[in-house]
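Below is one structure, written out as structure tokens; the observations come after it.
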Amino acid sequence: ILWSPWAKKDAVLATSDKPSLAVMYFENNTGDESLDHYKKALSDLLITDLSQSKYIKVLRGDKLFNILSQLDYLEAKSYSSDFLKEVAVRANVNHILQGNYTKAGENFRINIMLHDTDTDELISSESVEGRGEESIFSMVDELTRKIKANFKLSQEQLASDFDKSIGEITTSSPEAYKYFSEGMSYEFKYDLQEAMRAYKRAIEIDPEFALSYNHLAMATTAMGYFSEAKKYFEKAFKLRDNASKREQYIIEGDYYYNFEVYDKAIEAFTRLLQIYPEDWIGNLDLGAVYRDTEQWDKAIERYEFLKQIKDESLYTHQNLSYCYMAKGLYDKSREVIEYYFDNFGEHFRIILYSARNYLCQGKLDLALYEIEKALSNDPANYQLLWYRGYINLCRGSFEAAEKDFKKQMESVETTINARGNLNLMCLYTLKGQFTKASQKCVQTIELAEQMRELSWEAGLLGQQAYLSLRTGKLEEALSEIEKAIKIYFEECGIKRELLLYLKGYIYLEMGSMNQAEKIAEELRVLTEKHMNKNLTRLYFHLAGLIEMKRDNISKAIEYLKRAVSLLPYQGMMSDEMHALFFESLALAYYKSEDIDKAREEYEKITALTTGRYEYGDIYAKSFYMLGKICEQQGNRAKAIDLYQKFLSLWKDADPGIAEVEDARKRLAGLRGS
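Taking my numbering, the leading residue of the sequence shown gets 322, the next gets one more, and so forth.
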């Protein structure tokens with residue numbers, strides 16, 4: 322599947338030759354409802370234990386959950402033979418294991434039946450017994466050995482296979498595992514808050530539970546609590562020997578990925594895939610490393626592979642759609658979305674990507690239709706509200722956008738509240754209301770400080786520095802960006818290239834050419850060493866700005882064009898710098914008196930959607946600059962229209978903005994002439 326210098330020499334069965342197995346939820350025949358949690362927990366334990374094997378393909382717990390959910394069988398007490406056949410078809414497995422458990426006094430008994438779904442034969446019927454719940458794990462180990470014996474693996478394969486006891490690779494506490502299994506159920510439902518609660522309870526009971534720490538870290542990251550998540554990643558990494566070989570590589574890869582040590586993350590995930598080529602997390606997370614370093618084709622290869630082996634997870638299809646958008650292949654992205662709709666349903670997260678796909682292409686009505694349809698079923702969904710608000714912002718429906726963003730701020734969840742603040746900041750920036758935008762940014766910084774989320778705080782200080790830069794408060798901007806860089810370096814141990822670039826930009830505007838040049842050189846060295854080679858665009862852009870300050874316009878244009886060429890296409894929804902980069906190139910052309918090319922670049926800005934998300938002021942000012950260009954070209958009617966558009970956007974802008982005053986004068990002059 323992929324070559325690696327760490328490839329194992331021992332032969333592994335070809336993927337197509339491996340026996341495949343779905344472990345159904347168990348039947349509780351004890352008569353005691355307090356033991357119902359073992360219906361899923363026993364399935365989870367056996368899946369985890371059997372998944373150590375290099376020679377058996379075991380259906381993941383989340384895929385089983387999805388199948389049972391789709392068939393409305395999550396709460397079923399038993400399964401018919403026809404139903405099991407349906408599961409086998411959907412899961413693409415050739416074996417099904419079903420079982421039940423009973424209890425007499427303190428004695429537990431677990432019974433299983435293993436079916437060959439190709440022949441409809443009962444291959445094996447096994448039973449194990451133990452005393453008390455503490456014997457559950459040893460019974461699972463015994464069952465695992467009996468199940469593997471039915472797959473006719475050779476003695477050599479059995480001897481070379483991984484088969485640590487379930488207690489060694491999870492926890493020795495049935496109570497801790499109960500909460501871990503509960504956490505996975507919530508995770509499968511995308512209820513991350515409840516998942517976090519359950520995982521925390523599991524590690525309170527067993528502080529050495531590596532798997533629970535890693536799942537907790539991932540759920541916490543998804544909720545946006547990055548500083549907290551890093552503590553859990555560190556703990557999981559230290560305890561990784563308490564996990565299976567498969568999970569050890571996952572824990573290592575996740576740890577390095579989240580600390581941005583990308584080469585070691587790739588090494589860990591590649592080692593994993595040498596043993597388990599179809600591992601979902603390994604392929605998904607290796608794809609994520611390539612995605613985050615803008616190696617789009619390598620990322621697409623991982624996600625397309627998962628799609629080819631019929632992986633139905635949202636994350637696979639979301640990421641594949643995203644990577645195609647980053648390459649500007651919006652039709653391919655749309656194919657992925659439609660494939661998911663046709664085969665797995667219209668989950669709201671895929672609808673978000675469908676709307677994003679339309680949004681990036683400027684198809685605002687289609688994007689809004691998708692979101693409205695989803696909101697009719699889930700009116701309080703904050704992500705849907707965010708998207709609707711931003712689509713309305715792009716449509717110029719500012720009151721509707723503001724209403725949606727403010728609804729987000731009603732949430733008791735800090736991350737949602739913060740997102741609402743940031744969305745309002747973007748709206749106010751677009752309207753030239755920098756004072757209000759700054760207030761929202763400051764409020765969000767205070768939230769980050771309260772939560773002790775240093776990476777939030779650093780990023781937000783960077784945004785505040787940008788606002789200060791744009792309003793001429795250069796000393797404040799420098800102070801803010803220096804604090805942001807210091808916090809980020811202390812938090813992550815690395816320098817954030819984007820913040821360093823902004824510091825160079827600020828020095829340049831302050832007239833400190835030597836300082837700007839030093840930062841440009843530092844940025845060149847950093848970005849050339851980075852795994853994301855496209856980040857050199859930051860160096861080229863800053864170098865272009867420096868040359869423009871020197872009035873070396875032809876050299877500036879050369880640098881700025883290189884910077885623009887390294888941008889991905891629209892689709893990221895954050896850290897998209899299209900408007901900023903296009904504006905500099907447009908200004909360079911304008912200064913070189915090539916107003917046709919200047920006009921072309923400014924028009925690109927006015928056509929942006931997600932690419933102007935954090936740079937609404939540049940979007941608005943582009944209409945002003947286009948008005949000046951049309952005025953120079955003698956197109957009076959078009960110039961009037963463009964000045965009116967600019968003044969309409971900034972009708973409530975902060976007082977004293979030079980462009981507003983100039984546009985009013987120019988408009989009055991054109992109307993009077």
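Ideal Cβ positions, reconstructed from N, Cα and C, are used throughout, including at glycine.
- Is it the case that the Cβ atoms of Leu781 and Ile766 are separated by a distance below 7 Å? A Cβ-Cβ contact shorter than 7 Å links Leu781 with Ile766.
- Task: Within its chain, find whatever has a CB closer than 6 Å to the CB of Ala864; leave out the 5 residues flanking it on each side and keep chain order.
- Result: Ala841, Tyr880
- Task: Would you mind reading off the limits of the beta strand (DSSP E) that contains Thr614?
- Result: Following the DSSP letters along the chain, one finds Thr614 in no beta strand (DSSP E), marked with neither H nor E.
- Query: What do you get for Ala480, buried or exposed, if any count of 16 or more other CB atoms within 10 angstroms of its CB means buried?
  - Reply: exposed
- Check His416 in the structure and name its three-state DSSP category. strand
- Task: Answer yes if the region 679-690 comes into contact with the region 707-726, meaning at least three C-beta pairs across the two stretches below 8 Å, and no otherwise.
- Result: Segments in contact, yes.
- State the DSSP-derived secondary structure class of Thr423, mapped to helix, strand or coil. strand
- Starting from Ser445, trace the beta strand (DSSP E) both ways and give me its first and last residue. 442-452
- Mind checking Met834: buried by the 16 CB within 10 Å criterion, or exposed? exposed
- Extent of the continuous beta strand (DSSP E) to which His851 belongs: Neither: His851 is in no beta strand (DSSP E) and is coded neither H nor E.
- Query: Under the rule that 16 or more other beta-carbon atoms within 10 Å means buried, what is Glu508, buried or exposed?
  - Reply: buried
- Query: Is it buried or exposed for Leu988, if we count other Cβ within 10 angstroms and need 16 for buried?
  - Reply: buried
- Message: Our contact map puts Leu605 next to Tyr636 with C-beta atoms below 8 Å; I'd like the distance itself, whole angstroms only.
- Response: Indeed, because the Cβ distance is near 6 Å, the residues count as touching under 8 Å.
- Ala900 and Tyr911: beta carbons closer than 7 Å? no
- Task: Could you check which residue in Glu770, Ile712, Arg709, Ala722 has the C-alpha nearest to that of Ala739?
- Result: Glu770
- Message: Quick check: is any heavy atom of the ligand COA less than 6 Å from the C-beta of Leu474?
- Response: In the structure shown, the ligand COA is absent, as is every other ligand, since no ligand is present at all.
- Task: Can you give me the Cβ contacts of Glu868 inside the same chain, cut-off strictly under 7 Å, excluding the 5 residues immediately before and after it?
- Result: Lys876, Ala877, Tyr880
- Roughly how many angstroms lie between the CA atoms of Glu778 and Ile808, to the nearest whole one? 8 Å
- Are three or more beta carbon pairs between the region 466-485 and the region 440-449 nearer than 8 Å? With a cut-off of 8 Å, the region 440-449 and the region 466-485 count as touching, because enough Cβ pairs lie within range.
- Quickly, what does DSSP pair Ala432 with across the bridge? List them, please. Reading off the sequence, residue 432 comes out as Asn, not Ala. According to DSSP, which records beta bridges pairwise, Asn432 is partnered with Asn421, Ser448.
- Task: Go ahead and label Thr465 buried or exposed: buried means 16 or more other beta carbons lie within 10 angstroms of its beta carbon, across all protein chains shown.
- Result: Under this definition Thr465 is a buried residue.
- If you draw a straight line from the C-alpha of Gln595 to the C-alpha of Ala589, how long is it? 10 Å
- Per the contact definition of three or more C-beta pairs closer than 8 Å, is the region 341-351 in contact with the region 409-424? yes
- Task: On a CA-only basis, which of Lys794, Leu859, Leu847, Ala425 is nearest Met831? Give me that one, please.
- Result: Lys794
- How is the alpha helix (DSSP H) around Ser789 delimited, first residue to last? Unbroken alpha helix (DSSP H) run through Ser789: 775-791.
- How far does the beta strand (DSSP E) with Ser875 in it reach, from first residue to last? Unbroken run through Ser875 is the alpha helix (DSSP H), 874-886; no beta strand (DSSP E).
- Message: Going by DSSP, what residue range makes up the alpha helix (DSSP H) through Leu687?
- Response: 685-696
- Is it true that the CB of Tyr597 sits closer than 7 Å to the CB of Phe623? A small fix is needed here, since residue 623 is Arg in this sequence, not Phe. The answer is no: Cβ separation not under 7 Å.
- Are the beta-carbon atoms of Asn350 and Leu356 separated by less than 7 Å? no
- Query: If you draw a straight line from the C-alpha of Lys628 to the C-alpha of Thr736, how long is it?
  - Reply: 31 Å
- Give the range of the beta strand (DSSP E) segment to which Val344 is assigned. 341-344
- Task: Taking only runs that begin and end inside the region 616-644, name each unbroken beta strand (DSSP E) of 3 or more residues, in chain order.
- Result: none
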